[in-house]
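In my numbering, the protein residues as written are 3 to 386. The beta carbon of each residue, even a glycine, is placed where N, CA and C say it ideally should be.
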């Protein structure tokens, strides 16, 4: 395997830090060519000193001076701003762009990388949620590849590898159910962000952990699967699997079901996306079937987890509705984390936004930008 140069968008987040661990474990195979952070200048500096990438980029301009001063003499070029991020992903030397920026912010640089024909290791599912149709059209035109990093979509990708000529009957998208799977509606009225951040299986960033608790994250993953694998939403079924050992499954036209299993550790799908089509050895924890003993499955409760139901509504509406869904959720998620609204109120904000923002059937990139801004404005007014 040639040593691949990786540009990591969001290197200080959960996925970004784990990606750097994978690179550190395989220095003969991967190189951190560029790392970016939105706000965590201290960790960006620490990472740059350790990995000595060609570029370290702080999206926030006000962090530029301190990062530049801290990295003087290291040989690392320090840049600032989103424009710099978009320019770096287009550089000829970049082999893979791992997109791990949180939320809508990842859309513009991901599109830029796709336009340049780069291989995308996609951890920022919101880009597919917001503009899946546009992303797929650009990918087709440029010949770029999108390799999923989400554990569920990586599992589906692995199950489909070598099966592209065979008809898929159903994609079975697994969900842990989050920390509130067994809780009743009355209890959900009073849960706090601290309660929601206690995920039973996965260690993730705050925003995605809250999304998992409300199960809107699974709705996002349904939308992402639709675009990544070219299937109808009716062919995607969410299955609650509390143990998080089966990461997803594919059922074929003959009734056969293929599943990808592994411990709940994001480093495995990250490594697979970076090394594909090769599998490389590692020392990650293995599945012990005698220790697990039981795997269980349930249907998701769409009444209790309204956000998942609203995601399905946005999918059915199409056009810019998923963009509205994502923007409204980002505003509501942050408000809940800050204690400004309750857990169940997040659904109220999202539902209101879906009913109030004008629908656009065939949105352009500019339409997505306008829709995102308008949704955030209206949702912020709702919460005040």
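| query | result |
| --- | --- |
| Is the beta carbon of residue 276 less than 8 angstroms from the beta carbon of residue 123? | yes |
| Could you say which of 371, 343, 368 and 228 lies nearest to residue 383 if we only look at CA atoms? | 343 |
| Taking one C-beta from the segment 317-331 and one from the segment 219-227 each time, how about it: are there three or more such pairs within less than 8 angstroms? | yes |
| Assuming residue 38 and residue 100 make a contact with CB atoms under 8 angstroms, what is their CB distance in whole Å? | In fact, because the Cβ distance is near 10 angstroms, the residues do not count as touching under 8 angstroms. |
| Which residues share a DSSP beta bridge with residue 11? | 38 and 101 |
| Can you give me the start and stop residues for the alpha helix (DSSP H) that residue 250 sits inside? | Not the alpha helix (DSSP H): residue 250 falls in the beta strand (DSSP E), residues 248-254. |
| Could you check if residue 299 is buried or exposed, using at least 16 other CB atoms within 10 Å of its CB as the buried criterion? | exposed |
| The alpha helix (DSSP H) spanning residue 310 covers which residue range? | 308-319 |
| Which term fits residue 367, buried or exposed, when burial requires 16 or more other beta carbons within 10 angstroms of its beta carbon? | exposed |
| Taking all protein chains shown into account, do 16 or more other C-beta atoms lie within 10 angstroms of the C-beta of residue 273, making it buried, or fewer, making it exposed? | buried |
| Buried or exposed: residue 374, going by 16 or more other Cβ atoms within 10 Å of its Cβ? | buried |
| Do the CB positions of residue 96 and residue 7 come within less than 8 angstroms of each other? | yes |
| Kindly provide the ranges of any alpha helix (DSSP H) runs that are 4 or more residues long and lie completely inside the segment 198-241, ordered along the chain. | 208-216 and 218-231 |
| Leaving aside the five residues before and after residue 288 along the sequence, list all residues of the same chain whose C-beta is less than 8 angstroms from its C-beta, in chain order. | 265 |
| Classify residue 136 as buried or exposed, calling it buried when 16 or more other Cβ atoms lie within 10 Å of its own Cβ. | buried |
| Relative to the C-alpha of residue 314, which candidate in 178, 291, 243 and 228 has its C-alpha closest? | 228 |
| Locate the beta strand (DSSP E) running through residue 55, then write down its first and last residues. | Premise fails: residue 55 is in no beta strand (DSSP E) and is neither H nor E. |
| Bridge partners for residue 262 per DSSP, in chain order? | 250 |
| So what does DSSP say about residue 351, is it helix, strand or coil? | helix |
| With distances taken between CB atoms, is the gap from residue 250 to residue 154 smaller than 8 angstroms? | yes |
| Going by CA-CA distance only, name the one from 130, 43 and 285 that's closest to residue 322. | 130 |
| Who are the near neighbours of residue 24 in its chain, counting only those whose CB is closer than 8 angstroms to its CB and skipping five residues on each side? | 32, 269, 272, 273 and 276 |
| What are the boundary residues of the alpha helix (DSSP H) that residue 171 is part of? | Where residue 171 is concerned, there is no enclosing alpha helix (DSSP H), although the beta strand (DSSP E) it sits in stretches over 170-177. |
| Could you say which of 231, 197 and 201 lies nearest to residue 166 if we only look at CA atoms? | 231 |
| Determine the contact status of residue 104 and residue 84, defining contact as a CB-CB distance below 8 angstroms. | no |
| Classify residue 308: buried if its beta carbon has 16 or more other beta carbons within 10 angstroms, exposed otherwise. | buried |
| Using CA coordinates, which residue listed in 233, 140 and 246 is at the minimum distance from residue 181? | 246 |
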